[in-house]
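Novice: Residue numbers (the numbering used here): 2 to 384.
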Ligand code: ATP
Ligand code: MG
């Protein structure tokens, strides 16, 4: 019978942690497989999927290999522990050409042959069927694995498919990601989900200055991110009143700096309302005027909870590479405008001094503006 073996990395599993880690991982695997029929079981630090429709093999593997916490997968043949059956299955996995070896692990010591002998005999059977193959014990191009389990069953397989690794989503606390329509913030969300964080998103839009397509683009990105975060809700906050107020009352070179401070305050309030302990942004040091150390200091100073910036040390090239890998890039580069690009000052301050920013900002009724924005949220659950 064809089965899928799912392995996870065990390094985090100490004491009580294990159950927490595993139950999150199992839930997450089951949630990405909710449209499939299969049996799921646990056996010795791995999971096994049986009795699935083999026409969906690729889909199942693609879904599971993107679940954080999964280390690798193998498609195996499961046979009763009997030499003839094991050897037959091994032939199925033997390569057509090149060098190979057989590697046996015998957990079931009742099986009479020691593992070295199983490897040697099965290797001999394979050679007999295909004399062009060569055995290479030290640096083979292919390895056929035989795993003799304690339950009277044996797995035979040859390929190990690398999965995403990381920590299961749900084991790393909860955060609010500030999701724009750009390249960086979806990647930032991915990075934090990879460390096990559950995420909710906030997006600021400035209707009617920004279009409905611009908002839809963000929702499309949220849907892509959801592949990794598994759940995703976006709070769409209308930013028009705040932007208009800043535009009217503050010198234009401070527009971006002060906007950022409002976004941060609102994101933090949303975090607190939803029991989240961190805010995540896609900032990368020095990328643009609003991402100098001074600008980040001015934004950061309104936050009272941790702000994670997982891309802070990344070059744009590196961010784009991840963006492409996670399937977000094509959507991110669609041309719709962001709320930050309207009212853009010709010459933004690149090194705002905090005292000056606070003075400029004092022309505004910050609390009322924040309250108004919070009472005007459109919450969208991504399915
Ligand atoms: P991105 O590619 O993520 O848009 P960026 O390079 O355009 O980033 P900025 O526009 O300076 O950089 O934004 C920095 C960060 O601020 C973004 O990564 C995002 O986390 C947040 N942000 C910016 N605009 C918005 C918005 N309209 N809604 C929510 N968050 C935003
Ligand atoms: Mg942007």
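The beta carbon of each residue, even a glycine, is placed where N, CA and C say it ideally should be.
What did DSSP end up calling residue 77 once you bin it into helix, strand or coil?
Specialist: Start at 1 with the first residue of the chain shown, and residue 77 comes out as number 76. DSSP places residue 77 in strand when its eight states are reduced to three.
Novice: Short of 6 angstroms in beta carbon distance, which residues of its chain neighbour residue 254, apart from the five on each side in sequence? Order them along the chain.
Specialist: Counted from its first residue, the chain shown places residue 254 at position 253. So the list reads 346, 348, 349, 350, once near-sequence residues are dropped.
Novice: So what does DSSP say about residue 144, is it helix, strand or coil?
Specialist: Start at 1 with the first residue of the chain shown, and residue 144 comes out as number 143. Correct three-state label for residue 144: strand.
Novice: Just to check my reading of the structure: residue 74 and residue 62 have Cβ atoms closer than 8 angstroms, yes? What is that Cβ distance to the nearest angstrom?
Specialist: As a position in the chain shown, residue 74 is number 73, starting the count at 1. As a position in the chain shown, residue 62 is number 61, starting the count at 1. The Cβ separation is near 6 angstroms, so the contact holds.
Novice: Find the nearest neighbour of residue 207 within the set 227, 243, 302, 221, judged by alpha-carbon distance.
Specialist: Here the question's residue 207 lines up with position 206 in the chain shown. For residue 207, the nearest C-alpha among the options comes from 243.
Novice: Count the other C-beta atoms from every protein chain shown that fall within 10 angstroms of the C-beta of residue 102, then say buried if there are 16 or more, exposed otherwise.
Specialist: Taking the first residue of the chain shown as 1, we reach residue 102 at position 101. Residue 102 should be labelled buried.
Novice: Sort out for me which residues DSSP pairs residue 202 with in a bridge.
Specialist: For the purposes of this step, residue 202 is identified with residue 201 of the chain shown, where counting begins at 1. DSSP, once it has assigned bridges, lists 178, 235 as partnering residue 202.
Novice: Relative to ligand 1, is the shortest distance from any of its heavy atoms to the C-beta of residue 303 smaller than 7 angstroms?
Specialist: By one-based count along the chain shown, residue 303 stands at place 302. No, the Cβ of residue 303 stays beyond 7 angstroms of every heavy atom of ligand 1.
Novice: Can you determine whether any heavy atom of ligand 1 sits closer than 7 angstroms to the C-beta of residue 282, and answer yes or no?
Specialist: Position 281 of the chain shown, counted from the first residue, corresponds to residue 282. Yes - ligand 1 has a heavy atom lying nearer than 7 angstroms to the Cβ of residue 282.
Novice: Return yes when the Cβ of residue 127 is within less than 8 angstroms of the Cβ of residue 95, no when it is not.
Specialist: Within the chain shown, residue 95 is the residue found at index 94, counting from 1. Within the chain shown, residue 127 is the residue found at index 126, counting from 1. Against a cut-off of 8 angstroms, the Cβ pair of residue 127 and residue 95 comes out as a contact.
Novice: Roughly how many angstroms lie between the CA atoms of residue 55 and residue 2, to the nearest whole one?
Specialist: In the chain shown, residue 55 corresponds to position 54, counting from 1. In the chain shown, residue 2 corresponds to position 1, counting from 1. Looking at the two C-alpha atoms, the distance is approximately 10 angstroms.
Novice: Which residues in the same chain as residue 363 place their Cβ atom closer than 7 angstroms to its Cβ, once the five residues preceding and following it in sequence are excluded?
Specialist: Here residue 363 is taken as the residue at index 362 of the chain shown, counted from 1. Answer for residue 363: no residue qualifies.
Novice: Hey, how far is the Cα of residue 69 from the Cα of residue 168?
Specialist: To locate residue 69, count along the chain shown from 1; it is residue 68. To locate residue 168, count along the chain shown from 1; it is residue 167. Rounded to the nearest angstrom, the two C-alpha atoms are 5 angstroms apart.
Novice: Any chance the CB of residue 184 is under 7 angstroms from a heavy atom of ligand 1?
Specialist: Counted from its first residue, the chain shown places residue 184 at position 183. Flag set: Cβ of residue 184 near ligand 1.
Novice: Give me whichever residues DSSP pairs with residue 302 in a beta bridge.
Specialist: Translated into the one-based positions of the chain shown, residue 302 becomes position 301. Per DSSP, none; premise fails for residue 302.
Novice: Can you tell me whether residue 166 is helix, strand or coil according to DSSP?
Specialist: Translated into positions along the chain shown, residue 166 becomes position 165. If DSSP states are grouped into helix, strand and coil, residue 166 belongs with coil.
Novice: Apart from the five residues on each side of it in sequence, which residues of its chain come closer than 8 angstroms, Cβ to Cβ, to residue 144?
Specialist: Walking along the chain shown from the start, residue 144 turns up at place 143. So the list reads 101, 102, 103, 104, 159, once near-sequence residues are dropped.
Novice: Taking the C-alpha atoms as reference points, what is the distance between residue 185 and residue 251?
Specialist: Taking the chain shown and counting its residues from 1, the one referred to as residue 185 is at position 184. Taking the chain shown and counting its residues from 1, the one referred to as residue 251 is at position 250. One C-alpha to the other measures close to 28 angstroms.
Novice: Ligand 1 heavy atoms versus the CB of residue 294: any closer than 7 angstroms?
Specialist: In the chain shown, the residue the question calls residue 294 occupies position 293. Every heavy atom of ligand 1 is 7 angstroms or more from the Cβ of residue 294, so no.
Novice: Going by CA-CA distance only, name the one from 92, 34, 30 that's closest to residue 71.
Specialist: As a working note, residue 71 is residue 70 in the chain shown. Out of 92, 34, 30, 30 has the C-alpha closest to the C-alpha of residue 71.
Novice: What is the DSSP secondary structure of residue 248, reduced to helix, strand or coil?
Specialist: Within the chain shown, residue 248 is the residue found at index 247, counting from 1. Residue state, collapsed to three classes: helix.
Novice: Return the CA-CA distance between residue 265 and residue 98, expressed in angstroms with no decimal places.
Specialist: The residue given as residue 265 occupies position 264 in the chain shown. The residue given as residue 98 occupies position 97 in the chain shown. One C-alpha to the other measures close to 59 angstroms.
Novice: Counting pairs of Cβ atoms below 8 angstroms between the segment 125–139 and the segment 23–41, do you hit three or more?
Specialist: Segments in contact, no.
Novice: Just to confirm, are residue 238 and residue 280 a CB contact at a threshold of 8 angstroms?
Specialist: For the purposes of this step, residue 238 is taken as residue 237 along the chain shown, with counting starting at 1. For the purposes of this step, residue 280 is taken as residue 279 along the chain shown, with counting starting at 1. Not closer than 8 angstroms, so no.
Novice: Among all the DSSP beta bridges, which residues are the ones paired with residue 42?
Specialist: For this step, residue 42 is matched to residue 41 along the chain shown. In DSSP, residue 42 forms a bridge with 49.
Novice: Using 8 angstroms as the threshold, is the C-beta distance between residue 171 and residue 197 below it?
Specialist: The residue you call residue 171 lines up with position 170 of the chain shown. The residue you call residue 197 lines up with position 196 of the chain shown. A contact, by the Cβ cut-off of 8 angstroms.
Novice: Taking only the alpha-carbon atoms, compute the straight-line gap between residue 124 and residue 308 and give it to the nearest angstrom.
Specialist: The residue labelled residue 124 in the question sits at position 123 within the chain shown. The residue labelled residue 308 in the question sits at position 307 within the chain shown. C-alpha separation (whole angstroms): 56 angstroms.
Novice: Would you call the CB atoms of residue 339 and residue 181 closer than 8 angstroms?
Specialist: Start at 1 with the first residue of the chain shown, and residue 339 comes out as number 338. Start at 1 with the first residue of the chain shown, and residue 181 comes out as number 180. Taking 8 angstroms as the Cβ cut-off, residue 339 and residue 181 qualify as a contacting pair.
Novice: Is it a yes or a no for the segment 258–273 touching the segment 366–377, going by three-plus beta-carbon pairs under 8 angstroms?
Specialist: Touching, per the Cβ criterion.
Novice: So, with DSSP's three-state summary, where would you put residue 9?
Specialist: Taking the chain shown and counting its residues from 1, one reaches residue 9 at position 8. If DSSP states are grouped into helix, strand and coil, residue 9 belongs with the strands.
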